[in-house]
Amino acid sequence: MKKVVAGMLTAVMAFSLTACGGGDASTNDTAKEEGSSDVITVGFSQVGAESDWRTANSESMKSTFTKDNGYELIFDDAQQKQENQISAIRNFIQQDVDYIVLAPVTETGWDAVLGEAKQAGIPVIIVDRMVDVKDDSLYTAWVGSNFELEGKKAAAYLDAYMKAKNMKDMKLVNIQGTIGASAQIGRTKGLDDAVAANGWNLLDKTTGEFTQAKGQEVMQSFLKKYKKDINVVYCENDNEAFGAIDAIKAAGYEVGADKDMMVFSFDSTKEGLKKVQSGEITLNTECNPLHGPRVEAIIKQLEKKETPEKKAYVDEEMFAHDDTVKSVTVDGKEYPVTVVTDEVMGARKY
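Its first residue numbered 455, the sequence shown is counted upward by one per residue in the working numbering.
#1: Could you give the residue range of the alpha helix (DSSP H) that holds G726?
#2: Span of the alpha helix (DSSP H) holding R720?
#3: Which value, in whole angstroms, describes the spacing of the CA atoms of T739 and Y767?
#4: Less than 8 Å separating the beta-carbons of Q534 and E504?
#5: Got a sec, what are the start and stop residues for the beta strand (DSSP E) L657 sits in?
#6: Use the C-beta contact count for E604: other C-beta atoms within 10 angstroms, 16 or more gives buried, fewer gives exposed.
#7: Along the chain, where does the alpha helix (DSSP H) containing V798 start, and where does it finish?
#8: In chain order, what residues of the same chain have a beta carbon less than 6 Å from the beta carbon of F601, not counting five sequence neighbours either side?
#9: Which ranges would you report for the beta strand (DSSP E) in the stretch 662-700 if only whole runs of at least 3 residues count?
#10: Select from E725, T792, V794 and G746 the residue whose C-alpha is nearest the C-alpha of T518.
#11: For E671, tell me which candidate among A704, V686, K682 and V597 has the shortest Cα-Cα distance.
#12: Mind checking which residues open and close the beta strand (DSSP E) that includes M772?
#13: Just mark S405 as buried or exposed, buried being the case when its beta carbon has 16 or more other beta carbons within 10 Å.
#14: Determine the DSSP secondary structure at L527, reduced to helix, strand or coil.
#15: On the three-state DSSP scale, how would you describe S781?
#16: If you draw a straight line from the C-alpha of G502 to the C-alpha of V559, how long is it?
Okay, here's the thing in structure tokens:
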């Protein structure tokens with residue numbers, strides 16, 4: 455890619471300087487060797503550090519794109535602001551990186567800056583959330599989760615659980631993720647479709663912005679408004695669930711299956727699974743954050759002039775406190791439900 459061209463130019467410059475008597479020969483040999491380096495520069499714009507999942511996602515990228523592995527990683531934390539991500543991408547372009555990796559804060563608003571990257575000849579790999587652009591050629595590949603499927607699986611589990619427990623009266627609240635993020639759109643849609651199909655009573659939904667503090671704040675407001683009418687709290691990530699659980703307990707209610715309120719969550723971080731094992735979270739639908747190796751595989755394909763798949767979904771599981779529901783079927787496909795045990799916890803990487 456560009457680094458190969460840079461190495462060739464450096465070699466030519468070194469030869470020219472030697473021919474013109476412009477410097478010591480050994481210095482020029484060193485410069486040539488450095489310019490011919492096979493180090494691949496990757497600029498990564500991360501949306502922020504709002505959750506345990508996001509931290510695991512960042513660590514996966516950092517542990518993959520190391521100097522020992524032949525990379526230079528330029529990492530930028532956007533602090534949940536799209537304008538920061540746009541600035542970071544433009545900085546990456548100015549620095550002439552080999553690849554840009556973007557974990558977008560929201561789906562829209564990327565056409566212009568991704569067009570600049572395309573014009574500069576820099577491949578862009580999208581991770582986690584998707585981008586909604588008019589021209590799909592503005593990005594090379596996307597790696598992430600099927601968020602709507604996650605929502606459908608969680609809703610299918612809730613339906614099966616209700617039937618197994620002979621629960622008739624269902625009243626839910628939905629603590630949504632950051633509005634406009636792919637995870638929020640998909641997980642909310644999965645629930646909304648099930649509410650419409652099953653006649654469930656969705657009392658309210660408000661964004662918890664994927665954070666524990668906001669999740670707790672939203673749950674407190676729900677409890678003041680609806681008190682004990684709530685049966686199920688559908689949180690769109692683990693940190694929101696942690697905040698909701700804190701609020702429920704502080705209000706004097708019990709959390710868990712066969713108790714005052716059930717909490718459903720997404721991500722399945724290690725801390726999230728601990729709460730599944732304890733019974734505080736009834737179901738946790740996995741969102742795999744370990745994108746680093748998958749992004750590296752795409753880069754290796756591109757280095758070989760191969761064409762990667764445009765979209766690649768990661769494999770994900772479902773984790774429950776007990777075996778009331780052993781599997782769910784969504785769109786004709788069966789998905790097993792794993793009961794969280796000490797063995798499961800011991801094998802968890804994040």
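Note that the Cβ used here is the ideal one computed from N, Cα and C, for glycine as well.
Considering the structure as presented:
#1: It spans K724 to S732 - the alpha helix (DSSP H) in which G726 sits, taken as one unbroken run.
#2: What sits at residue 720 in the sequence shown is Phe, not Arg. No alpha helix (DSSP H) contains F720, which is instead part of the beta strand (DSSP E) from M716 to D721.
#3: For T739 and Y767, the distance between alpha carbons rounds to 15 Å.
#4: A contact, by the Cβ cut-off of 8 Å.
#5: Start and end: N655 to T661.
#6: By the 10 Å Cβ count, E604 comes out buried.
#7: Its alpha helix (DSSP H) spans residues D796 to A801.
#8: Result list for F601: S636, A637, G640 and R641, in chain order.
#9: If we require 3 residues or more, the beta strand (DSSP E) runs fully inside the stretch 662-700 come out as 686-689.
#10: By alpha-carbon distance to T518, the top candidate from E725, T792, V794 and G746 is G746.
#11: Closest option to E671, judged by alpha-carbon separation, among A704, V686, K682 and V597: A704.
#12: Its beta strand (DSSP E) spans residues M772 to A774.
#13: This structure gives no information on residue 405, because the portion of the chain shown stretches from 455 to 804.
#14: Note: L527 maps to strand in three-state DSSP.
#15: In the three-state scheme derived from DSSP, where H, G and I count as helix and E and B as strand, S781 is classed as strand.
#16: Their Cα atoms are separated by approximately 8 Å.
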